[in-house]
Amino acid sequence: MISFNYEIEFNLQEEAAVSNWISNLIKEEDCREGEINYVFCSDDYLHKINIDFLNHNTLTDIISFDYTVGKELHGDIYISIDRVKDNAKDFNVQFKDELARVMAHGVLHYCGYKDKSEEDVKIMRSKEDYYLSKRV
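Written out as structure tokens, the structure reads:
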């Protein structure tokens, strides 16, 4: 089950369609959908999590806590709406497209994709682009 939670004044448009899109991504990656919680928050909220849990004193657009068991995906995905807005401007893309990329990115991590090496980043970006093309 995919759920959407809000720590700021923000509402995801078309929650049901987004949930179906993420569910289809999970199925196509040959995984099973467990409990996946998206938490939309501010820079300050996510920065505190980054410091408290990861010991990183930096801003970031996404932090995911992976509780996956085998191929059944479970986790909490925190997304800073502030960062996504800024990144959309920096990359000259629509906010909704950058938000979808980040949402897919978190789930792709649960599917086993990494982004530490240059090669891993290329694979991750390719997967993100592929699933973005399948959005309704």
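Residue 85 in our numbering sits at position 101 of the sequence shown, and the numbers go up by one each step.
By construction, the Cβ of each residue, glycine as well, lies at the ideal position given by its N, Cα and C atoms.
CB of residue i within 9 Å of CB of residue j, strictly
{"i": "residue 21", "j": "residue -13", "result": "yes"}
{"i": "residue 46", "j": "residue 89", "result": "yes"}
Cα-Cα separation, residue i to residue j
{"i": "residue 77", "j": "residue 37", "result": "30 Å"}
{"i": "residue 108", "j": "residue 41", "result": "25 Å"}
{"i": "residue 52", "j": "residue 95", "result": "9 Å"}
{"i": "residue 10", "j": "residue 81", "result": "19 Å"}
{"i": "residue 111", "j": "residue 92", "result": "8 Å"}
{"i": "residue 27", "j": "residue 64", "result": "5 Å"}
{"i": "residue 74", "j": "residue 68", "result": "10 Å"}
{"i": "residue 71", "j": "residue -1", "result": "22 Å"}
{"i": "residue 66", "j": "residue 49", "result": "20 Å"}
{"i": "residue 31", "j": "residue 85", "result": "20 Å"}
{"i": "residue 12", "j": "residue 104", "result": "19 Å"}
{"i": "residue 62", "j": "residue 19", "result": "14 Å"}
{"i": "residue 35", "j": "residue 117", "result": "34 Å"}
Burial state of residue i, where buried means 16 or more other Cβ atoms lie within 10 Å
{"i": "residue 114", "result": "exposed"}
{"i": "residue 6", "result": "buried"}
{"i": "residue -15", "result": "exposed"}
DSSP-derived helix/strand/coil call for residue i
{"i": "residue 20", "result": "strand"}
{"i": "residue 68", "result": "helix"}
{"i": "residue 29", "result": "helix"}
{"i": "residue 160", "result": "Summary: the structure shown does not reach residue 160, with the chain confined to residues -15 through 120, and so no result is reported for it."}
{"i": "residue 101", "result": "coil"}
{"i": "residue 43", "result": "coil"}
Integer-rounded CB distance, given that residue j should sit under 8 Å from residue i
{"i": "residue 122", "j": "residue 60", "result": "This structure leaves residue 122 out entirely; the chain is present only between -15 and 120."}
{"i": "residue 17", "j": "residue 57", "result": "6 Å"}
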